[in-house]
Amino acid sequence: MKINTAEFIISNSDVSKCPLERLPEYAFIGRSNVGKSSLINMLTNHKNLAKTSGKPGKTQLINHFKINSNWFLVDLPGYGYARVSKKTKQVFQEFITDYFEKREQLVCAFVLIDIRLEAQKIDLEFIQYLGEAGIPFCIIFTKADKISKTKIDSNVAAYKKQLHANNWEEIPPYFITSATEVIGKDALLDYIEGINEMVYKDINSF
Ligand code: GTP
Ligand code: MG
Numbered sequence: 006m007k008i009n010t011a012e013f014i015i016s017n018s019d020v021s022k023c024p025l026e027r028l029p030e031y032a033f034i035g036r037s038n039v040g041k042s043s044l045i046n047m048l049t050n051h052k053n054l055a056k057t058s059g060k061p062g063k064t065q066l067i068n069h070f071k072i073n074s075n076w077f078l079v080d081l082p083g084y085g086y087a088r089v090s091k092k093t094k095q096v097f098q099e100f101i102t103d104y105f106e107k108r109e110q111l112v113c114a115f116v117l118i119d120i121r122l123e124a125q126k127i128d129l130e131f132i133q134y135l136g137e138a139g140i141p142f143c144i145i146f147t148k149a150d151k152i153s154k155t156k157i158d159s160n161v162a163a164y165k166k167q168l169h170a171n172n173w174e175e176i177p178p179y180f181i182t183s184a185t186e187v188i189g190k191d192a193l194l195d196y197i198e199g200i201n202e203m204v205y206k207d208i209n210s211f
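Mind the numbering: the sequence shown is residues 6 to 211 in this note's numbering, read in order.
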């Protein structure tokens with residue numbers, strides 16, 4: 006899929022104030038600093054559409070971006086950022102959970118995982134939560150430019166093993182990406198395009 010237009014629509018912390026339009030929507034979620042906002046910029050060919058930072062905790066709201074006038078990409082705050090206060094963490098947690106539970110337009114969540122790290126408890130718990138809530142999701146491994154191809158393969162294999170150990174019989178679709186080296190862009194956009202086609206074919210059920 007080619008990206009022709011990408012526009013920022015609205016930021017907020019209240020799911021009821023998210024755009025009312027019934028367009029298929031894809032949300033990026035994951036630990037702070039994993040590269041959610043950077044990946045949105047890479048996919049949409051923008052430098053600063055989504056705000057990024059070297060310091061964790063940059064994205065603090067639910068941000069809607071309308072792509073090609075017919076679908077939404079959503080940038081969410083990261084979870085697991087220790088330096089925000091307990092209270093802030095709780096508020097984040099609440100509106101993120103609210104978003105996942107109430108947003109009917111959400112067709113797929115993308116859980117971003119730093120490819121360099123071994124499986125983290127917080128990510129596995131979030132994946133578990135999505136599974137239990139029946140929310141379709143994929144995994145996006147980020148920052149693939151930081152390690153060798155061999156290491157990428159072994160880390161992905163280890164992650165799959167961990168998911169099997171956590172009773173996931175089927176491994177969800179996954180993508181290997183780098184925002185800086187533009188890796189994984191076409192695969193991800195083609196995947197989204199495929200889902201959009203299904204949604205639009207069966208628009209009455211959406
Ligand atoms: P929060 O908004 O705090 O939750 O973080 P985020 O997940 O949106 O991360 P963000 O996109 O702001 O990126 C965090 C840092 O990682 C920045 O310094 C980025 O430049 C860097 N980064 C993101 N993606 C990549 C990547 O693919 N490769 C490399 N080398 N660095 C990356
Ligand atoms: Mg961000």
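C-beta: ideal position from N, C-alpha, C; glycine also.
Exercise for the section: Name the two residues that bound the continuous alpha helix (DSSP H) containing E198. Expected result: K190 to K206
Problem - Classification of Q133 by the beta-carbon crowding that lies within 10 angstroms, buried from 16 upward - result: exposed
Exercise for the section: Look up H69 in the DSSP assignment and say whether it is helix, strand or coil. Expected result: strand
Exercise for the section: Tell me whether the beta-carbon of L81 lies closer than 8 Å to the beta-carbon of K56. Expected result: no
Practice task
Using 10 angstroms around the beta-carbon of N75, count the other beta-carbons present and answer buried if the total reaches 16, otherwise exposed.
Solution key: exposed
Problem - Counted within 10 angstroms of its Cβ, other Cβ atoms place P141 as buried (16 or more) or exposed - result: exposed
Exercise for the section: Return yes when the C-beta of K63 is under 7 Å from any heavy atom of the ligand MG, and no when it is not. Expected result: yes
Practice task
Give the range of the alpha helix (DSSP H) segment to which L117 is assigned.
Solution key: No alpha helix (DSSP H) holds L117; the beta strand (DSSP E) holding it covers L111 to D119.
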